[in-house]
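2 protein chains.
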Amino acid sequence: MSNHLVIMAGGVGSRFWPMSRPENPKQFIDVLGVGRTLLQLTVDRFGSAFAPEHIWIVTSAAYLSKVREQLPNVPVENILLEPCMRNTAPCIGYVAWKIRKKYPDATLVVSPADHFVVDQQEFRRCISMGLDFVKGTSRVLTLGMKPSRPDTGYGYIQSGLQVDGSDILQVKAFREKPNYETAVTYYKDASYNWNAGIFMWDAATAEAALRQFEPEMAAIFDKINDSFYSANEQSVVNELFPNCNKISIDYAVMERLAGKSITLNGKESGVFVLPADFGWSDLGTWGSLYVQTPKDSAQNAIIGANNVSVIESSDCIVRASGDIKMVLQGLEGYIVADDNGTLLVCKKDQEQRIKEFSASLDK
Amino acid sequence: MSNHLVIMAGGVGSRFWPMSRPENPKQFIDVLGVGRTLLQLTVDRFGSAFAPEHIWIVTSAAYLSKVREQLPNVPVENILLEPCMRNTAPCIGYVAWKIRKKYPDATLVVSPADHFVVDQQEFRRCISMGLDFVKGTSRVLTLGMKPSRPDTGYGYIQSGLQVDGSDILQVKAFREKPNYETAVTYYKDASYNWNAGIFMWDAATAEAALRQFEPEMAAIFDKINDSFYSANEQSVVNELFPNCNKISIDYAVMERLAGKSITLNGKESGVFVLPADFGWSDLGTWGSLYVQTPKDSAQNAIIGANNVSVIESSDCIVRASGDIKMVLQGLEGYIVADDNGTLLVCKKDQEQRIKEFSASLDK
Chain A
1 MSNHLVIMAG
11 GVGSRFWPMS
21 RPENPKQFID
31 VLGVGRTLLQ
41 LTVDRFGSAF
51 APEHIWIVTS
61 AAYLSKVREQ
71 LPNVPVENIL
81 LEPCMRNTAP
91 CIGYVAWKIR
101 KKYPDATLVV
111 SPADHFVVDQ
121 QEFRRCISMG
131 LDFVKGTSRV
141 LTLGMKPSRP
151 DTGYGYIQSG
161 LQVDGSDILQ
171 VKAFREKPNY
181 ETAVTYYKDA
191 SYNWNAGIFM
201 WDAATAEAAL
211 RQFEPEMAAI
221 FDKINDSFYS
231 ANEQSVVNEL
241 FPNCNKISID
251 YAVMERLAGK
261 SITLNGKESG
271 VFVLPADFGW
281 SDLGTWGSLY
291 VQTPKDSAQN
301 AIIGANNVSV
311 IESSDCIVRA
321 SGDIKMVLQG
331 LEGYIVADDN
341 GTLLVCKKDQ
351 EQRIKEFSAS
361 LDK
Chain B
364 MSNHLVIMAG
374 GVGSRFWPMS
384 RPENPKQFID
394 VLGVGRTLLQ
404 LTVDRFGSAF
414 APEHIWIVTS
424 AAYLSKVREQ
434 LPNVPVENIL
444 LEPCMRNTAP
454 CIGYVAWKIR
464 KKYPDATLVV
474 SPADHFVVDQ
484 QEFRRCISMG
494 LDFVKGTSRV
504 LTLGMKPSRP
514 DTGYGYIQSG
524 LQVDGSDILQ
534 VKAFREKPNY
544 ETAVTYYKDA
554 SYNWNAGIFM
564 WDAATAEAAL
574 RQFEPEMAAI
584 FDKINDSFYS
594 ANEQSVVNEL
604 FPNCNKISID
614 YAVMERLAGK
624 SITLNGKESG
634 VFVLPADFGW
644 SDLGTWGSLY
654 VQTPKDSAQN
664 AIIGANNVSV
674 IESSDCIVRA
684 SGDIKMVLQG
694 LEGYIVADDN
704 GTLLVCKKDQ
714 EQRIKEFSAS
724 LDK
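Sequence lines, in order, name chains A and B.
For the first sequence, this note's numbering assigns the number 1 to the initial residue and increments by one for each residue that follows.
For the second sequence, this note's numbering assigns the number 364 to the initial residue and increments by one for each residue that follows.
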């Protein structure tokens, strides 16, 4: 029996433009200005619970050198390169099949590479509890974050009955990102938690679930299976992986398992949630980064900047790259972000339009 | 009899930070984004009226290579290097003494290096008329700019009686930068014009005037005189020039000559003004640059920028250097200026504090 950490690190991070760009997305950046990238912080967060050879990174070929540089202890054969983006279900299928071939009894924690956690001790306690809960079963355990506001940017997990003698509950349903009115309802109802995208299950459960719900995808990984750990793994993956449906693990598996009575590998399956409160953010937006960053007396969050002078400004988030010097005066509620010759200044409440803003340069 | 153009190009341009900096002040920059620096535009403006060997540049040693690069036709011996800044009277003393040694009958146009003129044909007509007016006399002729607003950033020239048969008037007095109330009074009174700092006189008049009003300074240039056009000119200048008083030509000469009956070189002297209206700005501030720059439909002036996208912004002046890309959203009435890794964003109406802003980086 072995525990494995799977980190999904293939995103392009377009909502953090210009700091995060396809050639250097946020998981590879010291977004918080603490001297470690989000990917490094993600691995750090799990402490010593996982040996380096039990840590797996799924990313795209373009980022291989970044992963090797930032995580030198992770063996290169543990870095899986997707030839194209097919959302999270094929990503998890690939890594689950590959791990299971070598470690048939593996239990997996699957985690995004770009989240932020305040209380790491509590985080590790939850992970440890979760691994124990799923190991050797066909269960899936998700972490549910206690909402601190009626956020419309997260999906929600609706919980049902408690599992006897534990802090874990059955999942009744997954709810997509709500409108504000619905978010307020969820926020007031203790049975709703944010879906952090962190979950645990045995590799065998992952494989069985995809075989059940996405048989065509499972057939693709069955074909690839022979090549794992061989010299031609990458070329076989490059040929066959693109045939996978573009579908998230939530749609492909979680929502189909939740609230149902389904048997996988001859054991009763089910999706469960461990409500947790360790201070979490997906750092998905400048706004969420602003929330997580220390602020000066005028509520300006200034990140990674030695040469920034902020005068008569408030409620701004400022991110300066390299040696750039900035003097900012008279700004209220702005994002000011520079990255190697590209500058964004925009109202903080307009950040959902950042894709439009970055595209406006190409006209 | 020969006409000479003297361009004072020693300023450090601190009010245009960060575009203009001591190591690269505004006269050496393509401030208007037209492909020519202000110094080059200044020379261009005089057309073919002055042969290259009759063009003289007074600047500091630090800028020699910039002047040579930007004005390759001007002979290197015509580039005078002040070892330190002593304001305009010593600057003009130096060049007047030196020119007069070689060209005893020289008539000089003295011009700053960093101004802007719209109607160059009218400008040249005024210069030509002015040169004819002073040549062979002891007169000084200044150009008075017709005020287009009650500006508090310029000095004013108060004119008196008209010179028979000409557009030229006697100068009654020079008035320093007024407060707003006084500026309004001046603006309503046709006898007041802006002092553009452009004036004409014979080199002999310049020498006689300094001899009269600043005898110690004149004595210094008399001492330097032997070394002009010799190999040790610069070392003598470096030794003696710093002994000059720090004083402007306005204080040293103009104000003392205006409205008085004084004889220089045995001829009646006097300061005169030619009121002119050729569209002039000293480009002394971001605000004056804003006025002179074409604007988009939202009144944004965007200078020298191929990669700037301005969204829902108005009344801004934007200056981007090199290959920087900028997206600006939701800014009203701001200066956004980048120069090789230094960025300023500030309210346009706070630009008089730019020195404070730039100094705030050094804290």
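Every residue, glycine too, gets a C-beta built ideally from N, C-alpha and C.
(request) Measuring alpha carbon to alpha carbon, tell me which of T515/B, S491/B, I392/B ends up nearest R538/B. (result) Here residue 538/B corresponds to residue number 175 of the second sequence, with the count starting at 1. The residue with the shortest Cα to Cα distance from R538/B is T515/B.
(message) Comparing C-alpha positions only, which one of L434/B, E440/B, G493/B, Y457/B sits nearest to A476/B?
(response) For the purposes of this step, residue 476/B is taken as residue 113 along the second sequence, with counting starting at 1. Selected option, being the one with the closest Cα: L434/B.
(message) Is any non-hydrogen atom of the ligand ADP found closer than 7 Å to the C-beta of N608/B, if you look at the structure I gave you?
(response) Because no ligand of any kind appears in the structure shown, any question about the ligand ADP cannot be addressed here.
(request) Would you verify that the beta carbon of N670/B is, or is not, closer than 8 Å to some beta carbon of chain A? (result) Counting from one through the second sequence, the residue named residue 670/B turns up at place 307. Yes, N670/B lies at the interface with chain A (some Cβ there is under 8 Å from its Cβ).
(request) Kindly list the residues whose CB is nearer than 8 Å to the CB of D530/B, restricted to its own chain and excluding five residues on each side of it in sequence; keep chain order. (result) On the second sequence, residue 530/B is found 167 positions in, with the first residue counted as 1. The residues are M492, L637, P638.
(message) Measuring only the C-alpha atoms, how far is L29/A from A298/A?
(response) For this step, residue 29/A is matched to residue 29 along the first sequence. For this step, residue 298/A is matched to residue 298 along the first sequence. Residue 29/A is actually Ile in this sequence, not Leu. So the alpha carbons of these two residues sit roughly 26 Å apart.
(message) Against T342/A, what residues of chain B qualify as contacts under a CB-to-CB distance less than 9 Å, listed in chain order?
(response) For the purposes of this step, residue 342/A is taken as residue 342 along the first sequence, with counting starting at 1. Those are N670, I687, K688, M689, V690, listed as they occur along chain B.
(request) Select from the region 564-583 of chain B all residues with a C-beta closer than 9 Å to any C-beta belonging to chain A, and list them in chain order. (result) none
(message) What does the alpha-carbon distance come out to for the pair Q484/B and H478/B?
(response) Walking along the second sequence from the start, residue 484/B turns up at place 121. Walking along the second sequence from the start, residue 478/B turns up at place 115. Cα to Cα, the separation comes out at about 16 Å.
(message) For D338/A, would you say it is in contact with chain B, using Cβ-to-Cβ distances shorter than 8 Å as the test?
(response) For the purposes of this step, residue 338/A is taken as the residue at position 338 of the first sequence. Yes, contact with chain B.
(request) Show which residues of chain B have a CB atom less than 7 Å away from the CB atom of S360/A. (result) Taking the first sequence and counting its residues from 1, one reaches residue 360/A at position 360. Those are S672, I674, V690, listed as they occur along chain B.
(request) Taking Y592/B as the reference, give the member of G518/B, P438/B, N450/B, F413/B with the closest Cα. (result) Reading the second sequence from its first residue, position 229 is the one you call residue 592/B. For the residues G518/B, P438/B, N450/B, F413/B, the minimum Cα distance to Y592/B belongs to P438/B.
(request) Using a threshold of 8 Å, state whether the C-beta atoms of C447/B and V421/B are closer than that. (result) As a working note, residue 447/B is residue 84 in the second sequence. As a working note, residue 421/B is residue 58 in the second sequence. No, the pair does not count as a contact, with Cβ atoms beyond the cut-off.
(message) Just to confirm the assignment: which complete beta strand (DSSP E) runs, minimum length 3, are found wholly within the region 112-147 of chain A?
(response) 138-145
(request) Return the CA-CA distance between L404/B and V473/B, expressed in angstroms with no decimal places. (result) Along the second sequence, read from residue 1 onward, the residue named residue 404/B stands at position 41. Along the second sequence, read from residue 1 onward, the residue named residue 473/B stands at position 110. L404/B and V473/B have their C-alpha atoms roughly 15 Å apart.
(message) Taking the straight line between their C-alpha atoms, what separation do you get for V184/A and P150/A?
(response) One-based indexing of the first sequence puts residue 184/A at position 184. One-based indexing of the first sequence puts residue 150/A at position 150. Approximately 5 Å between the Cα atoms of the pair.
(message) Does the region 690-698 of chain B come into contact with the region 416-432 of chain B, if we say contact requires no fewer than three beta-carbon pairs (one atom in each stretch) closer than 8 Å?
(response) no
(request) With a 10 Å radius around its C-beta and 16 neighbouring C-beta atoms as the bar for buried, classify T705/B as buried or exposed. (result) By 1-based counting over the second sequence, the position of residue 705/B is 342. It is buried - the Cβ of T705/B has at least 16 other Cβ atoms within 10 Å.
(request) Take C489/B as the anchor and find which of F604/B, G685/B, D640/B has the nearest alpha-carbon. (result) The residue given as residue 489/B occupies position 126 in the second sequence. Of the listed residues, the one whose Cα sits closest to C489/B is D640/B.
(message) Suppose the cutoff is 6 Å on Cβ atoms and the five residues either side in sequence are ignored; what does the same chain contact list for D701/B look like?
(response) The residue given as residue 701/B occupies position 338 in the second sequence. Within the same chain, D701/B has close Cβ partners A683, S684, I687.
(message) Could you tell me the alpha carbon to alpha carbon distance between V31/A and R21/A, rounded to whole angstroms?
(response) Counted from its first residue, the first sequence places residue 31/A at position 31. Counted from its first residue, the first sequence places residue 21/A at position 21. One Cα belongs to V31/A, the other to R21/A, and the distance between them is close to 12 Å.
(request) For chain A, find out if any of its Cβ atoms is closer than 8 Å to the Cβ of K718/B; answer yes or no. (result) Along the second sequence, read from residue 1 onward, the residue named residue 718/B stands at position 355. It does not: the Cβ of K718/B has no partner Cβ on chain A nearer than 8 Å.
(request) Closer than 7 Å by beta-carbon distance: list the chain A residues that pair up with K710/B, in chain order. (result) Stepping through the second sequence from its first residue, residue 710/B is reached at position 347. Q329, G330, listed in chain order.
(request) Assign E268/A to one of three DSSP states: helix, strand, or coil. (result) Within the first sequence, numbered from 1, the residue matching residue 268/A stands at position 268. Correct three-state label for E268/A: strand.
(request) Please report how far the alpha carbon of V43/A lies from the alpha carbon of G304/A, in whole angstroms. (result) Here residue 43/A refers to the residue found at position 43 of the first sequence. Here residue 304/A refers to the residue found at position 304 of the first sequence. So the two alpha carbons sit approximately 21 Å from each other.
(message) Quick check: A553/B and M508/B, are their CB atoms within less than 8 Å of each other?
(response) Along the second sequence, read from residue 1 onward, the residue named residue 553/B stands at position 190. Along the second sequence, read from residue 1 onward, the residue named residue 508/B stands at position 145. In this structure, M508/B does not lie closer than 8 Å to A553/B by Cβ.
(request) Give the DSSP bridge partners of W564/B, in chain order. (result) As a working note, residue 564/B is residue 201 in the second sequence. Looking at the DSSP assignment, W564/B forms a beta bridge with L471/B.
(message) Can you give me the C-alpha to C-alpha distance between R574/B and E602/B, rounded to a whole angstrom?
(response) Within the second sequence, residue 574/B is the residue found at index 211, counting from 1. Within the second sequence, residue 602/B is the residue found at index 239, counting from 1. When rounded, the distance between both Cα atoms is 20 Å.
(request) Inspect the beta-carbon positions of A49/A and N3/A and report whether they are closer than 8 Å. (result) Along the first sequence, read from residue 1 onward, the residue named residue 49/A stands at position 49. Along the first sequence, read from residue 1 onward, the residue named residue 3/A stands at position 3. Yes, these two residues count as a Cβ contact at 8 Å.
(message) For a cutoff of 8 Å on Cβ pairs, would you count Q299/A as touching chain B?
(response) As a working mapping, residue 299/A is identified with position 299 in the first sequence. Not an interface residue.
(message) Contact criterion: CB-CB distance below 8 Å. Does Q713/B meet it with respect to chain A?
(response) Along the second sequence, read from residue 1 onward, the residue named residue 713/B stands at position 350. Output row for Q713/B: interface = yes.
(message) Can you confirm whether D339/A, when its beta carbon is compared against all beta carbons of chain E, has any partner nearer than 8 Å?
(response) Considering every chain present, this structure includes no chain E. Its protein chains are A and B.
(message) Less than 8 Å between the C-beta atoms of L724/B and N340/A, yes or no?
(response) Sequence index remark: in the second sequence, residue 724/B carries index 361 (1-based). Sequence index remark: in the first sequence, residue 340/A carries index 340 (1-based). Against a cut-off of 8 Å, the Cβ pair of N340/A and L724/B comes out as no contact.
(message) Which same chain residues end up closer than 6 Å to K295/A when comparing Cβ atoms and leaving out the 5 residues on each side of it in sequence?
(response) Taking the first residue of the first sequence as 1, we reach residue 295/A at position 295. Within the same chain, K295/A has close Cβ partners A301.
(request) Give a yes or no on contact between the region 455-474 of chain B and the region 368-384 of chain B, applying the rule of three or more CB pairs nearer than 8 Å. (result) Because the criterion of three Cβ pairs below 8 Å is met, the region 455-474 of chain B and the region 368-384 of chain B touch.
(request) With a threshold of 16 other CB atoms inside 10 Å of the CB of V237/A, please say whether the residue is buried or exposed. (result) As a first step, residue 237/A must be located in the first sequence, where it is residue number 237. Result: buried.
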